[in-house]
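What the sequence shown shows, in this note's numbering, is residues 1 to 199, in sequence order.
Note that beta-carbon positions come from the ideal geometry of N, C-alpha and C, so glycine has one too.
As the structure is a prediction and not an experimental result, all values here were calculated from the model.
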Amino acid sequence: MNPATPPAWRRWLEGHSGLSAGVWLVVFKKGAPPGSLRYEQAVEEALCFGWIDGQLQKLDATRFLIWFSPRKSNSIWAENNKRRVRKLIREGRMKPAGLAKVRQARRSGQWQAATERENPGVIPPLIVRALAKRKGALARFRDLPASHRKMLMYWIASAKRDETKHRRIQQLMKFLVEGETRFPWDRGGAASPTPKNRT
1 MNPATPPAWR RWLEGHSGLS AGVWLVVFKK GAPPGSLRYE QAVEEALCFG
51 WIDGQLQKLD ATRFLIWFSP RKSNSIWAEN NKRRVRKLIR EGRMKPAGLA
101 KVRQARRSGQ WQAATERENP GVIPPLIVRA LAKRKGALAR FRDLPASHRK
151 MLMYWIASAK RDETKHRRIQ QLMKFLVEGE TRFPWDRGGA ASPTPKNRT
């Protein structure tokens, strides 16, 4: 799809964002004529409606294609998109669908997950409360190398369902209390904490 300008992209989203499963959008590179739709503008408009960018493909010397689609409820919010959303809220540009995605992410913990993943010194309250119930578990977690804490917190935050998240916390507690040398995902076929594409 080639709406050419930010207003045209916004109009398309107003009419189709609640109906479409996604669209390949033509976005112009730097140096394009004034008013042409560029990456930052395309992403901002998408966020207003609860959509997000994904795969990128080169189209020609001046343009590329980006796949835009509705944000999934279990996707972690990247810090740059959180900054964009705060700006869009201040400017009064966010639509109800976009604000609903933000509220949903705050309730599920996905809004904070990227911050916790990037800063291993910040332990999510959910993990703190759980580990505090077992003597020594929280202290042992804090004593782990920063890289290990980061992987473990991402592993828990990336769980798609609440029951999976709580099960992983219990596995983490066992890992800490019993002095296991292997990570929880190395036992019993559990999914490993491999970050996927940005969100």
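Give the single residue among the options whose Cα lies nearest to the Cα of residue i.
i: A97; options: S69, V122, A113 and E79; result: S69
i: P33; options: D143, P6 and G15; result: P6
i: G18; options: R161, Y39 and R71; result: R71
i: W111; options: R86, G92 and R129; result: R86
Quick check: what's the CA-CA separation for residue i versus residue j?
i: M94; j: Q171; result: 39 Å
i: M173; j: E79; result: 28 Å
i: N81; j: D186; result: 32 Å
i: F49; j: R107; result: 19 Å
i: L131; j: W24; result: 45 Å
i: D143; j: R134; result: 15 Å
i: N2; j: T164; result: 41 Å
i: H166; j: P145; result: 23 Å
i: R182; j: L56; result: 37 Å
i: R90; j: A100; result: 16 Å
i: I66; j: G15; result: 19 Å
i: G92; j: G109; result: 24 Å
i: I52; j: P125; result: 27 Å
i: S147; j: D162; result: 24 Å
Quick one: residues in its chain with C-beta nearer than 6 Å to the C-beta of residue i, no 5 flanking neighbours on either side, listed in chain order?
i: A113; result: I76 and A157
i: L138; result: L131 and A132
i: K58; result: F64
i: G54; result: W67
Could you check how far apart the C-beta atoms of residue i and residue j are, in whole angstroms? I think they sit under 8 Å.
i: V177; j: G136; result: 7 Å
i: W9; j: A42; result: 6 Å
Whose C-beta lies closer than 7 Å to the C-beta of residue i among residues of the same chain, with five residues either side of it excluded?
i: A4; result: S36 and L37
i: Q104; result: S73
i: A21; result: S69
i: R84; result: V43, E44 and L47
i: Y39; result: V27
i: G179; result: none
Checking contacts by CB at 8 Å: is residue i closer than that to chain D?
i: F175; result: In the structure shown, chain D does not exist; there is a single protein chain.
Could you pull out every residue in the same chain whose Cβ sits closer than 8 Å to the Cβ of residue i, ignoring the five residues on either side in sequence?
i: F141; result: I123, I127, L131, R149, L152, L172 and L176
i: L88; result: E44, L47, C48, M94 and G98
i: R168; result: W155, I156, A159, P184 and A190
Item to check | Given 8 Å, three or more beta-carbon pairs between the region 54 to 70 and the region 14 to 31 | outcome: Pairwise C-beta distances place the region 54 to 70 in contact with the region 14 to 31, as three or more of them are shorter than 8 Å.
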